[in-house]
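Heads up: the structure comes next, in structure tokens.
In our numbering, the protein residues as written are 2 to 297.
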């Protein structure tokens with residue numbers, strides 16, 4: 002797969018997440034956060050299981066224990082991010098949540114330097130800042146006083162960034178992205194049910210009421226989108242992947258206008274333009290530089 006096609010997959014994942022934000026938010030009116038997480042990722046695991054089995058049969062070699070350890074660790078990061086986001090959304094505004102979640106864009110290159118001394122292409126830094134500025138404008142540019150939910154969303158962004166980094170560090174070279182998706186979904190589902198049994202009480206009619214949102218979030222937003230992320234990240238860098246995935250905010254605004262009839266302000270339109278500019282720049286400049294370097 003080419004670098005450009007990988008980024009298209011990541012862009013598609015961002016589009017699905019943008020559409021799924023409505024489902025994730027409205028489901029909280031009926032079910033508790035950890036029950037939602039458990040059911041969502043159980044459906045996601047069932048969705049990708051046939052593909053993971055097919056991938057395993059076609060693989061030239063079996064995965065090692067270290068590979069499965071890495072997949073499980075990535076699943077723990079995914080669960081932590083999903084749990085913090087789901088709980089945080091109960092006590093913060095959508096505006097704050099949209100901006101603060103988007104902080105993972107700048108956290109990815111920063112944490113990659115702190116943890117592994119891995120310096121990205123210089124263009125990544127201004128592009129990451131541009132994408133964050135775009136998300137801020139798209140969210141309305143109004144951060145009211147930070148609540149406990151706001152800080153949970155910030156912590157969520159840290160775990161999203163770590164998940165992106167460790168997919169590249171632990172899973173990018175074994176050629177088994179769908180098995181990665183299956184393992185991380187299973188980890189999230191098991192942990193979600195464990196926490197639910199100990200802390201939550203959910204009635205069957207509540208699950209039925211939220212069934213459409215759970216189905217969309219599990220099959221489409223989780224099963225398909227996270228698999229697209231795992232496949233796409235095999236052929237691109239973590240900082241560039243983070244910027245492409247930040248298009249979630251852009252697509253959320255577009256789907257809100259197309260489906261729900263919401264009108265975008267001039268400030269929001271400027272935010273969309275900044276995100277688009279960051280995605281295009283981070284793709285084109287390194288490619289143009291590489292072509293220049295290989296010329297005789």
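All residues carry an ideal CB built from backbone N, CA and C; glycine is no exception. The structure displayed is predicted, hence computed values, not measured ones.
| query | result |
| --- | --- |
| Reducing DSSP to helix, strand and coil, say where residue 93 ends up. | coil |
| Should the stretch 62-72 be regarded as contacting the stretch 113-126, the criterion being three or more beta carbon pairs within less than 8 Å? | no |
| Measuring CA to CA, which of 286, 139, 6 and 196 is closest to residue 247? | 139 |
| For residue 240, which option in 283, 268, 157 and 258 has the closest C-alpha, if you only look at C-alpha atoms? | 283 |
| I'd like the list of long-range same chain contacts for residue 197, defined as Cβ closer than 8 Å, with 5 residues on each side in sequence excluded. | 33, 35, 36, 39 and 203 |
| By Cβ distance below 6 Å, which residues in the same chain neighbour residue 163 in space, the five residues on each side in sequence not counted? | 78 |
| Take the Cβ of residue 27 as the centre, count every other Cβ of all protein chains shown within 10 Å, and call the residue buried at 16 or more, exposed below. | exposed |
| Rounded C-beta distance between residue 129 and residue 244? I'm assuming under 8 Å. | 6 Å |
| Could you please give the first and the last residue of the uninterrupted alpha helix (DSSP H) stretch that includes residue 62? | No alpha helix (DSSP H) holds residue 62; DSSP gives it neither H nor E. |
| How many Å lie between residue 133 and residue 215 at the Cα? | 29 Å |
| To the nearest angstrom, report how far apart residue 297 and residue 73 are at their CA atoms. | Reliability fails at residue 297, whose pLDDT of 47 lies under 50, so the model's placement of it is uncertain and no value is given. |
| What is the DSSP secondary structure of residue 86, reduced to helix, strand or coil? | helix |
| Please state whether DSSP places residue 104 in a helix, a strand or coil. | coil |
| Does the beta-carbon of residue 234 have 16 or more other beta-carbons within 10 angstroms, so that it is buried, or is it exposed? | buried |
| Where do the N-terminal and C-terminal ends of the alpha helix (DSSP H) with residue 125 fall, by residue? | 125-139 |
| To which residues of the same chain is residue 4 closer than 7 Å at the C-beta, ignoring the five residues directly before and after it? | 236 and 237 |
| Please work out which residues of its chain come closer than 6 Å, Cβ to Cβ, to residue 2, disregarding the five sequence neighbours upstream and downstream, and give them in chain order. | 236 |
| Can you tell me whether DSSP reads residue 41 as helix, strand or coil? | helix |
| What separation, rounded to the nearest whole angstrom, lies between the Cα atoms of residue 11 and residue 18? | 11 Å |
| What's the gap between the Cα of residue 225 and the Cα of residue 217? | 10 Å |
| Do the stretch 154-162 and the stretch 102-117 make contact, defined as three or more Cβ pairs closer than 8 Å? | yes |
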